[in-house]
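Trainee:
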Amino acid sequence: MVDVPSPAVAIVGRHNSGKTTLIVKVIRELAERGWDVGSVKHHSHAGFEIDYPGKDSYRHREAGASETVIACPGQMARIKTIEGEIECADIVRSMKGHDIVLVEGYRKSGLPTIEVMRSGNAADEQVAEVFAEGARRGWPLGTDFVQFGKGEEPPTTEGEARERLRKAAEEADAAASRAADEACGQGAAPMVSKMPTAGTVAVVTDIPDAIEAAGIYGIPAFDLDDVTGLVSFLEEHYVRPRVTVVIQAGGESRRMGRSKATVPFAGRPLICRLIERLAPVADDLVITTNEPENLVFLHSMFPQYNIQLVCDEFNYRGALPGLYTALQAARNPYVAVVACDMVFASSSLVVAEALAMKESDADVVVPVNKHGYEPFHAMYKRMACLPAVRAALAKGDKRAQSFFGDVNVLEFPQSKVLEAEPMGGCFINANTPEELHALEESFLED
20 MVDVPSPAVA IVGRHNSGKT TLIVKVIREL AERGWDVGSV KHHSHAGFEI
70 DYPGKDSYRH REAGASETVI ACPGQMARIK TIEGEIECAD IVRSMKGHDI
120 VLVEGYRKSG LPTIEVMRSG NAADEQVAEV FAEGARRGWP LGTDFVQFGK
170 GEEPPTTEGE ARERLRKAAE EADAAASRAA DEACGQGAAP MVSKMPTAGT
220 VAVVTDIPDA IEAAGIYGIP AFDLDDVTGL VSFLEEHYVR PRVTVVIQAG
270 GESRRMGRSK ATVPFAGRPL ICRLIERLAP VADDLVITTN EPENLVFLHS
320 MFPQYNIQLV CDEFNYRGAL PGLYTALQAA RNPYVAVVAC DMVFASSSLV
370 VAEALAMKES DADVVVPVNK HGYEPFHAMY KRMACLPAVR AALAKGDKRA
420 QSFFGDVNVL EFPQSKVLEA EPMGGCFINA NTPEELHALE ESFLED
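Residue numbers (my numbering): 20 to 465.
#1: Exposed or buried, T40, counting other C-beta atoms within 10 Å across all chains shown (16 or more means buried)?
#2: Tell me which residues share the same chain as H45 and place their Cβ nearer than 8 Å to its Cβ, disregarding the 5 neighbours each side in the sequence.
#3: To the nearest angstrom, report how far apart A187 and K213 are at their CA atoms.
#4: Can you give me the start and stop residues for the alpha helix (DSSP H) that F431 sits inside?
#5: Can you tell which of L412, I447 and T216 has its C-alpha closest to the C-alpha of I390?
#6: Residues in the same chain with beta-carbon distance under 6 Å from L458, minus the five sequence neighbours each way, listed in chain order, please.
#7: E48 lies in the alpha helix (DSSP H); which residues open and close that run?
#8: P311 and L339: beta carbons closer than 8 Å?
#9: Mind reading off the beta-carbon distance from T87 to I98? Whole number of angstroms is fine, and I expect it under 8 Å.
#10: Taking 6 Å as the limit between beta carbons, can you name the residues of its chain near G234, skipping five residues before and five after?
#11: In terms of alpha-carbon separation, which member of L130, A90, N35 and E152 lies closest to V59?
#12: Should the region 402-415 be regarded as contacting the region 423-430, the criterion being three or more beta carbon pairs within less than 8 Å?
#13: Does the contact criterion of 3 or more C-beta pairs under 8 Å hold for the region 374-384 versus the region 344-351?
#14: Any idea if G470 is buried or exposed, counting beta-carbon neighbours within 10 angstroms, 16 or more meaning buried?
#15: Can you check DSSP and say which residues form a bridge with M136?
#16: Can the beta-carbon of D228 be found less than 8 Å from the beta-carbon of A151?
#17: Start and end of the alpha helix (DSSP H) containing S58?
#18: If we count the other Cβ atoms within 10 Å of its Cβ and call it buried at 16 or more, is A191 buried or exposed?
#19: Inspect the beta-carbon positions of A268 and I306 and report whether they are closer than 8 Å.
#20: Name the DSSP bridge partner or partners of K127?
#21: Would you report the Cα separation of R197 and A50, rounded to the nearest angstrom?
#22: In whole angstroms, what is the alpha-carbon distance linking V28 and W54?
#23: With C-beta atoms as the reference, is H61 less than 8 Å away from G103?
#24: What is the DSSP secondary structure of P260, reduced to helix, strand or coil?
#25: What would DSSP say about W236, mapped onto helix, strand or coil?
#26: Once you ignore the five residues that flank S379 on each side, which residues in its own chain have a CB closer than 7 Å to its CB?
#27: Quick one: measure Cβ to Cβ for C330 and N309, integer angstroms, because I've assumed they're closer than 8 Å.
#28: Near A439, what residues of its chain come up, given a Cβ to Cβ distance below 6 Å and the 5 sequence neighbours on each side ignored?
#29: Near I266, what residues of its chain come up, given a Cβ to Cβ distance below 6 Å and the 5 sequence neighbours on each side ignored?
Quick look at the structure:
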């Protein structure tokens, strides 16, 4: 598993809505499609056991151990005593290296949520009815519908809705807890709890009211049996995207006096360090080089990565021709391009850029700081950028960012870079033997 963040989606619904059955089917299909899936189950009652009285691990905890790890070949479980309840965000943050994490429950986690509603389940039908009525009346998605469920007229403006929500917040929370997904009181107006929120990104249902409401709010609705469609939706919008990582090794460097790829760093060729840092997040690893014969040794040193050694498409120097070669050689829709002299290149930054690209639908995600763009630790959408780069080359451009005006560019500020890589230093490069020696001394001291 790679120590990089995992994207997550919560699948939520009321008791007996069928969310567990759905999640199991979704996990199975995602796994069959080759994705690494993590899962979180929210248990609404205090206390649960995953081992049994009499078992050694149970006896350890019963004796007073605050944390117990159960391990065997191929499996490990960790049971830890905590105060209160861990936030969902903290749980997901600890589950690194997955292509997606599916969370069952945790409606208020702040994650994108998929709402499950099933006909024949009274609580679901009640929610769907109010959900649809709110949609017809123009309530913003995420409005707390509890007061409307008690028989009050809904607000006519967003300002009125906000004011009513502010006044009713405490009562609504208490009412939702008491309701426990059921009608409240014999003959009383129905109490509605656990409504779709502003974070609802899709609905899975066979209830016409819910389908109508989803259409009004502009969010997709899937049938309960349409697991294939739901999984394709998750792949398109939330699963970690497939990324080709391209390390640009070029050839002989005038200022370095030799190839940067093979210059020694901490006792090994510098390119080996870049491969070890970036390959764990690469679905496809490419090294662009004008000296493939000098890098063939990488195939035997790193057989697990199936490295492609690709010569430049053009016989003249320049950052833009090199970028074109990288995009042309990639096998995946997202292409991370990193210069081989970036000694502290970051796999975490590569993942953060890929997730930002998926969320924003940008064509380029490029770090930006006081020095300007950092195009050689950036992410590119292959099919959007290739024609734009080709057109820029035809005009005689050679600068890497010369085509940025023709594509959708998302600037990745330093604050975001540091969120992904708190140690920083991602863009430090070595152009001369003296600079490389200074970086090596710093690395060895650490």
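All residues carry an ideal CB built from backbone N, CA and C; glycine is no exception.
Here the structure is a predicted model, which means the values were calculated and not measured.
Mentor: Here's the rundown:
#1: Sequence index remark: in the sequence shown, residue 40 carries index 21 (1-based). By the 10 Å Cβ count, T40 comes out exposed.
#2: For the purposes of this step, residue 45 is identified with residue 26 of the sequence shown, where counting begins at 1. Checking the sequence, you will find Val at residue 45 rather than His. Around V45: I30, L121, V246, L249, V250 and L253.
#3: The sequence position of residue 187 within the sequence shown is 168, counting from 1. The sequence position of residue 213 within the sequence shown is 194, counting from 1. Its pLDDT being 40, under 50, A187 is placed unreliably in this model, and the value from its coordinates should be taken loosely. Looking at the two C-alpha atoms, the distance is approximately 15 Å.
#4: Here residue 431 refers to the residue found at position 412 of the sequence shown. No alpha helix (DSSP H) holds F431; the beta strand (DSSP E) holding it covers V428 to F431.
#5: As a working note, residue 390 is residue 371 in the sequence shown. Here residue 390 turns out to be His, not Ile, going by the sequence shown. Answer by Cα proximity: I447.
#6: Reading the sequence shown from its first residue, position 439 is the one you call residue 458. Excluding residues within five positions, the ones whose Cβ falls inside 6 Å are V362 and A449.
#7: In the sequence shown, the residue the question calls residue 48 occupies position 29. Element bounds for E48: K38 to E51.
#8: Start at 1 with the first residue of the sequence shown, and residue 311 comes out as number 292. Start at 1 with the first residue of the sequence shown, and residue 339 comes out as number 320. No, the Cβ-Cβ distance between P311 and L339 is not below 8 Å.
#9: For the purposes of this step, residue 87 is taken as the residue at position 68 of the sequence shown. For the purposes of this step, residue 98 is taken as the residue at position 79 of the sequence shown. With a Cβ gap of about 5 Å, T87 and I98 count as contacting.
#10: By 1-based counting over the sequence shown, the position of residue 234 is 215. For G234, where only same-chain residues beyond five positions count, there are no Cβ hits under 6 Å.
#11: In the sequence shown, counting from the first residue as 1, residue 59 sits at position 40. V59 has its Cα closest to that of L130, out of L130, A90, N35 and E152.
#12: yes
#13: no
#14: There is no way to answer for residue 470, as the model of the chain reaches only from 20 to 465.
#15: By one-based count along the sequence shown, residue 136 stands at place 117. Answer is T224, bridged to M136.
#16: Position 209 of the sequence shown holds residue 228. Position 132 of the sequence shown holds residue 151. A contact, by the Cβ cut-off of 8 Å.
#17: Looking up residue 58 in the sequence shown gives position 39. No alpha helix (DSSP H) holds S58; the beta strand (DSSP E) holding it covers V56 to K60.
#18: Translated into positions along the sequence shown, residue 191 becomes position 172. Any reading at A191 must be qualified, since the residue scores a pLDDT of 36, below 50, and its modelled position is unreliable; the value itself is stated next. The residue is buried, with at least 16 neighbouring Cβ atoms inside 10 Å.
#19: By 1-based counting over the sequence shown, the position of residue 268 is 249. By 1-based counting over the sequence shown, the position of residue 306 is 287. Yes, these two residues count as a Cβ contact at 8 Å.
#20: Translated into positions along the sequence shown, residue 127 becomes position 108. K127 is not bridged to any residue.
#21: Within the sequence shown, numbered from 1, the residue matching residue 197 stands at position 178. Within the sequence shown, numbered from 1, the residue matching residue 50 stands at position 31. Note that R197 has pLDDT 43, beneath the 50 cutoff, so the model's placement of it is unreliable and the number below is only indicative. About 38 Å.
#22: For the purposes of this step, residue 28 is identified with residue 9 of the sequence shown, where counting begins at 1. For the purposes of this step, residue 54 is identified with residue 35 of the sequence shown, where counting begins at 1. Answer to the nearest angstrom: the Cα atoms are 15 Å apart.
#23: Working through the sequence shown from its first residue, we reach residue 61 at position 42. Working through the sequence shown from its first residue, we reach residue 103 at position 84. In this structure, G103 does not lie closer than 8 Å to H61 by Cβ.
#24: In the sequence shown, counting from the first residue as 1, residue 260 sits at position 241. P260 falls in the coil class under three-state DSSP.
#25: On the sequence shown, position 217 is the one that residue 236 refers to. Residue identity check: residue 236 is Tyr in the sequence provided, not Trp. Three-state result, Y236: helix.
#26: Residue 379 sits at position 360 when you count from the first residue of the sequence shown. Excluding sequence neighbours, S379 sits near L429.
#27: For this step, residue 330 is matched to residue 311 along the sequence shown. For this step, residue 309 is matched to residue 290 along the sequence shown. Right, their Cβ atoms sit about 6 Å apart.
#28: Residue numbering aside, residue 439 sits at position 420 when the sequence shown is read from its first letter. Excluding residues within five positions, the ones whose Cβ falls inside 6 Å are S367, L368 and A371.
#29: In the sequence shown, counting from the first residue as 1, residue 266 sits at position 247. Closer than 6 Å at the Cβ level, and outside the excluded window around I266, lie L293, I306, V357 and C359.
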